[in-house]
Structures are given as C-alpha cells and as structure tokens.
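A.B. asks:
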Amino acid sequence: MEHISEGFPEVGPEYLQPTPFFDFDQDSVRSFAFKAVEGTETAKEKAVKLFYAVRDSIRYDPYSISLQPEPYKASNVLAEKRGYCLPKANLLIACARSVGIPAGIGLSDVYNHLCTDRLRRIMGGNELFRHHGYAVLFIETNWVKAAPAFNIELCEKFDVLPTEFDGETDALFQPYDAKGRLHMEYDADHGVWSDFPLERVATDFMDFYPASVYDAEARAAVDAEIQSELKAFEDEKPVV
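Quick note on numbering: the working numbering labels position 219 of the sequence shown as 239, and the sequence is numbered without any gaps.
(1) What is the DSSP secondary structure of residue 188, counted as helix, strand or coil?
(2) Is it the case that the segment 44-53 contacts the segment 123-137, given that we only count it when at least three CB pairs across the two stretches are under 8 Å?
(3) What number of angstroms, rounded off, separates the C-alpha of residue 211 from the C-alpha of residue 55?
(4) Between 177, 154, 184 and 164, which lies nearest to residue 104 when the distance is taken from Cα to Cα?
(5) Quick one: what's got a C-beta closer than 8 Å to residue 238's C-beta in the same chain, skipping five residues either side?
(6) If you pair each beta-carbon of the segment 30-42 with each one of the segment 113-123, do three or more pairs fall below 8 Å?
(7) Using a Cβ-Cβ cut-off of 7 Å (strictly less than) and excluding sequence neighbours within five positions of residue 246, which residues of its own chain qualify?
(8) Counting only the same chain and skipping the five closest in sequence on each side, list residues whose C-beta sits under 7 Å from that of residue 98.
(9) Any chance you could list the beta strand (DSSP E) runs of at least 3 consecutive residues sitting entirely within the segment 51-75, in chain order?
(10) Just tell me which of 31, 234, 242 and 241 has its CA closest to the CA of residue 84.
(11) Quick check: what's the CA-CA separation for residue 177 versus residue 241?
(12) Which residue's Cα is closest to the Cα of residue 26: 221, 156, 226 and 189?
(13) Quick check: the Cα distance between residue 100 and residue 75, rounded to an integer number of angstroms?
(14) Let me make sure I understand the geometry here. Which of 86, 91, 72 and 149 has the alpha-carbon closest to that of residue 173?
(15) Less than 8 Å between the CB atoms is what I'm expecting for residue 187 and residue 108, so what's the real figure, rounded?
(16) Please go through the same chain and pick out, in chain order, the residues whose beta-carbon is closer than 6 Å to the beta-carbon of residue 80, but skip the five residues on each side of it.
(17) So, with DSSP's three-state summary, where would you put residue 26?
(18) By the three-class DSSP mapping on this structure, what secondary structure does residue 171 have?
(19) Once the 5 residues before and after residue 122 are set aside, which same chain residues still bring their CB inside 7 Å of it?
(20) For residue 204, list the residues DSSP reports as bridge partners.
(21) So, are the CB atoms of residue 106 and residue 125 less than 9 Å apart?
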C-alpha cells in the first residue's frame, strides 16, 4: 500500500486495481458503476455521474462506524445502502477504478459544528472527526478531491449546502451551511493512500474516541442512557 503524506501520488497500477476494500471485481459494484456512467464519454463526465450516484444512493449514517473490515468494502456499502464518509468514499473509489479512472483515498481531520446531541454524546463530547474520508480522482490531467458523504435528503433536512462536483475542482464540505452558520473546518490533512488503511483508522479511533463510536454494544448503552434521561418524572402518568 502506498501512502503519500503531502501532495498527490504518481499515477500507477496500484490506483487502478481492485483491492479487498475497493472490490470492483464484484458484479454488484461493476453493475452500479456502469449503470451510473451510461451515456457518458469522457473521464470527467464519468467521475461526475459516479459522484452523484454514490452521494445520493447511499444514506449517510455516522452510527454505522465499525473497526471490522466488512463495512468498508464497496460491495458491502452497496448492499447496506448506508455508510459514513469512509465507506462511501471507498465505494466511489472502487467505481472510479472500474471505469478506468485512477483513484485513491484521502484522510483529513475535520471539526463538525453542526453535530447533533446524540452524536456528540456518542463521540464523548468531541466535535473533531478523525479521518474524514474522500476520494482522490485522477481526471484527465489532474488529481481532484471528492467527498460524497452527505446525501441530498440529509442536506435539505439539516439546512446544509450539498457538496457539488464538476469533475474539475475539489468537492469537499463547505465551511458554512445554508443559513450562514459555521459548519465544517478542516483541521489536518493526513495524505493519500492507494488502499483503505483500516489499521491506521482503527488504531486512531481507539486512541481518540470512546468505544461508543465504533462498538455497537457501547453505542447502545449510550442510547439507553439518553432515553432514560428523556423520561422525566413530570412526563409520567400518576397511578389513580
């Protein structure tokens, strides 16, 4: 696995081949990609179609974070129809490679200022999202970053400006939402990998977050605690 800590890599076969995570050798991934790019001719047109297909076909779900490999496989993301930024980026990368577009994964740390109360509790009060993931695509002559994380329905509900992609300029989260409130701040750039670095992500998640972020049982315990707090005495019915 190649890792470039600064800038962009040289285009090579490692950015075009299938991997256990970018598994476009699976029929479901190839079929999804080929259907999305139907009628296109250029690499830019293909990349744009794939971006929107992944962005809006897969529901963003930050409560699906795991340290296991299966949820990060492109084929599994398609089967589940949900995922957070990293699985969705993996799917876009796999689809891009399947149609001949070199692609890798970029990781950055971001501050999310529009976090929900539940998500903040699960994250132990943190607003820093470690390893926000996005696809890095080589389109014609340049590398371009594209984050297909937030589906359009979620953006509309949260008054978040949707991330748009033209195949030429980086498509990352906007710093402000539709109402002008501070939304996302990029804190640190960790570079580009030729394959998904699960070990790096898992190690950093365990070091930085409580288990409720990545473990289903711990997450359920936090949810139970939240629910118990909502059941205030004044909301109960007296026994007559």
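Don't be surprised by glycine CBs; every beta carbon is placed ideally from N, CA and C.
Owing to the predicted nature of the structure, the values given are computational and were not obtained by experimental measurement.
C.D. replies: The short version:
(1) In the structure shown, residue 188 sits in coil (DSSP, three-state: anything other than H, G, I, E or B).
(2) Output reads no: the segment 44-53 does not touch the segment 123-137.
(3) Whole-angstrom Cα-Cα distance: 31 Å.
(4) In terms of Cα proximity to residue 104, the closest of 177, 154, 184 and 164 is 154.
(5) So the qualifying residues of the chain are 230, 231 and 232.
(6) When C-beta atoms of the segment 30-42 are compared with those of the segment 113-123, three or more pairs fall below 8 Å, so the two segments count as touching.
(7) Residues 138 and 141 of the same chain have their beta carbon placed closer than 7 Å to that of residue 246, with the five preceding and five following residues left out of the count.
(8) Leaving aside the five residues that flank residue 98 on each side, the residues in its chain whose CB is nearer than 7 Å to its CB run, in chain order, 48, 49, 52 and 111.
(9) The segment 51-75 contains no complete beta strand (DSSP E) run of 3 or more residues.
(10) For residue 84, the nearest C-alpha among the options comes from 234.
(11) Each residue's alpha carbon lies about 27 Å from the other.
(12) The shortest Cα separation from residue 26 among 221, 156, 226 and 189 belongs to 156.
(13) So the two alpha carbons sit approximately 14 Å from each other.
(14) The option with the nearest alpha carbon to residue 173 is 72.
(15) Going by Cβ atoms, the distance from residue 187 to residue 108 rounds to 18 Å, so no, they are not a contact pair.
(16) So the qualifying residues of the chain are 169, 170, 171 and 174.
(17) The answer is coil: DSSP assigns residue 26 none of H, G, I, E or B.
(18) Here residue 171 sits in coil by DSSP.
(19) Around residue 122: 31, 35, 36 and 158.
(20) Residue 204 is bridged by DSSP to 132.
(21) Going by C-beta atoms, residue 106 is nearer than 9 Å to residue 125.
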